[in-house]
Each structure stands twice: as structure tokens, then as C-alpha cells.
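> Residue numbers (our numbering): 2 to 171.
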Amino acid sequence: MFLRKTIAVLATTAALTTALVGTAQAATELTYNSSGAGQFQAAVDKGAQVWNASVTNVKLKKVTGRANITVTWDTGWPRAYVSSLGRGRWVMGTQAVNEGHDTVRISSHEFGHLLGLPDRRTGLCTDLMSGASAGTGCKNPNPNAKEKAEVEGNFRSAVTVQPSTFVDAA
Ligand SMILES: [Zn+2]
């Protein structure tokens, strides 16, 4: 009798723990406004969708008003201005697009900066944060397992990201 009761209590505790762990890790929602990205809006959205399909601790949501992340375009190099984790803006630059760099890869790469990832110019197409160093033949818009884990960790513990600018010139 006593043993049965103990087991029941243990089972209840386990269920509660699962429920608590499950809800404690709600995703951080970051809004982005790409209304200033002109003809690149679809590529910007695809880059956001890549991240939404890749990680669970943070989600990017498109809005038309005030946003955490603003995306525009100009004729320079793509670049990101990060003010803190998940806050700032990035620019789609036609200098890279005209050279043949993939616009969706550029988009997910720049969102990667806003999600706390630095540049790592490894030249490897399997690395999202290798950016233009992987060459124009590289069309991979997906973060690798290590990059995904890093972003999950950044939002799990809400790491502090210092203000930084990343210019993605080839
Ligand atoms: Zn970069």
C-alpha cells in the first residue's frame, strides 16, 4: 500500500517536472520588418524561415510596424548592425548579389548575426557564417549543427551580445 502510494507520487512529480521544463523554455519571438527590402523581400522571408525551421528557442516573425530587426537594401555589401542579441538591422547589398551570391544564403547569414553569430570565414559552404568566403557557387542557406546549437544556447541563456557591425564583403 505504502509502496504503491510512493510510486504514484513519484509519477506525479515526474509529470510535473516534464510540464515545467516544457513550458520554461518558451521561444523568444523576434519581429522583423522587411518593408524596406524592396525586391529582396521574398529572400528575406526565406532566410527567416530557414531559422524558424532550424531552431526552437527563438522565432522570427514578420511585421509591418515597429520591429526588433529592420531589413533594408542598398548598393553596397550586405552587412549587419547588431545593437544587442536579437536587436538591430541588416542590409541586403546588391554588390554581393550582382557578383552572384545567393540572396537567401545572404539573408539567413545576416539574420545569423542578429541571432548572435560572428563571421567565420572558413571558405566552407556547409558553414552558414563562412558567408562570401564560400564563393558564389555556394547556395546553402542552412546553419550547420554547431551554428544551430550556438543560437539555441544564445537564447536559452539570453547571452549578452556587444554592439557590433559585420560587413560581408568578398
Ligand atoms: Zn557576416
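Glycine is no exception: its CB is placed at the ideal position from the N, C-alpha and C atoms. Small disclaimer: the values here were computed from a predicted structure and weren't measured.
1. Give the DSSP-derived three-state secondary structure of lysine 149 in the structure shown.
2. When burial is assigned at 16 or more other CB atoms within 10 Å of the CB, is glycine 94 buried or exposed?
3. Looking at valine 51 and proline 142, is the spacing between their C-beta atoms short of 9 Å?
4. Report all residues from its chain with a CB closer than 7 Å to the CB of phenylalanine 156; omit the five preceding and five following residues, and keep chain order.
5. Ignore the nearest five residues each way along the sequence and tell me which others in serine 36's own chain have a CB closer than 7 Å to its CB.
6. How many angstroms separate the CA atom of glycine 124 from the CA atom of lysine 147?
The relevant details are as follows:
1. helix
2. buried
3. yes
4. Thr29, Asn58 and Val59
5. Thr65
6. 16 Å
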